[in-house]
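Peer 1:
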Amino acid sequence: MSKKEMIWILIVIAILATFSTSLVLALSYNYNVPKDYELIACPGGIPSFQKGIKEVEPGVYEVNILASKWFFDPYKIVLKNPKVIKFVITSADLTHGFLIVGTNVNAMVLPGYQTVITWHVPQDFSGEFLIICNEYCGTGHSTMYGILVIER
Ligand code: CUA
Numbered sequence: 035m036s037k038k039e040m041i042w043i044l045i046v047i048a049i050l051a052t053f054s055t056s057l058v059l060a061l062s063y064n065y066n067v068p069k070d071y072e073l074i075a076c077p078g079g080i081p082s083f084q085k086g087i088k089e090v091e092p093g094v095y096e097v098n099i100l101a102s103k104w105f106f107d108p109y110k111i112v113l114k115n116p117k118v119i120k121f122v123i124t125s126a127d128l129t130h131g132f133l134i135v136g137t138n139v140n141a142m143v144l145p146g147y148q149t150v151i152t153w154h155v156p157q158d159f160s161g162e163f164l165i166i167c168n169e170y171c172g173t174g175h176s177t178m179y180g181i182l183v184i185e186r
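For reference, each letter of the sequence shown is one residue, going 35 to 186 in my numbering.
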């Protein structure tokens with residue numbers, strides 16, 4: 035085996051080791067897709083959709099959000115000591131995205147469907163979190179955002 039072959043073999047092994055290590059690190063830091071994410075047909079469509087925030091039981095919230103060009107309604111969500119948040123999101127017009135920056139909450143929002151995400155909020159999460167639309171939805175896409183406030 036020539037010296038050049040040996041160098042290339044070592045480069046390939048180094049690349050594979052880097053990828054494997056970053057995958058293991060990402061999983062150990064909980065960077066994964068939301069586990070409880072489902073898309074259900076919107077019963078009754080937009081007129082019957084009830085926007086709003088309610089505490090179903092202590093620490094368990096249900097947040098119903100209507101996404102449309104180019105805002106989330108409600109736009110500011112303030113929750114006190116949440117353990118579990120169930121987001122139910124639908125779109126009034128186009129395909130939008132729903133990403134809470136710095137978390138694994140990330141899903142597509144489609145008109146005619148409800149996106150349901152059940153998020154078990156890590157205990158050390160508190161403060162303000164930016165919510166953005168991460169599916170291109172037209173000229174106002176870059177201004178489509180919301181705020182989640184977690185109070186502990
Ligand atoms: Cu809504 Cu991009």
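No residue lacks a Cβ here, since even glycine has one placed at the ideal position from N, Cα and C.
Owing to the predicted nature of the structure, the values given are computational and were not obtained by experimental measurement.
1. Start and end of the alpha helix (DSSP H) containing V90?
2. Cutting at 6 Å between CB atoms, please list the residues of its own chain near K120, excluding the five before and the five after it.
3. If you draw a straight line from the C-alpha of I269 to the C-alpha of L164, how long is it?
4. Please indicate yes or no: does the CB of M178 lie closer than 6 Å to some heavy atom of ligand 1?
5. Cβ-heavy atom distance between H154 and ligand 1 below 6 Å?
6. The alpha helix (DSSP H) that contains I43, what's its start and end?
7. Straight-line CA distance for L59 to K110?
8. Looking at the structure shown, is T137 part of a helix, part of a strand, or coil, going by DSSP?
9. Between C76 and ligand 1, is there a pair consisting of the residue's CB and a ligand heavy atom that are separated by less than 6 Å?
10. Using a threshold of 6 Å, is the CB atom of E169 nearer than that to any non-hydrogen atom of ligand 1?
11. Just the Cα atoms here: how many angstroms apart are G93 and L128?
12. Whole angstroms are fine: how far does the CA of S36 sit from the CA of E169?
13. Since I believe E72 is in contact with V122 (beta carbons under 8 Å), could you give me their beta-carbon distance rounded to a whole number of angstroms?
Peer 2: Taking the definition as stated:
1. From DSSP, V90 is part of no alpha helix (DSSP H) but of the beta strand (DSSP E) over 86-91.
2. E96, T152
3. The displayed coordinates of the chain run from 35 to 186. Any statement about residue 269 would go beyond what the structure contains.
4. yes
5. no
6. Per DSSP, I43 belongs to the alpha helix (DSSP H) from 37-62.
7. 32 Å
8. coil
9. no
10. yes
11. 32 Å
12. Near 50 Å, if we compare the C-alpha coordinates of S36 and E169.
13. Contact doesn't hold; Cβ gap of about 10 Å is too wide.
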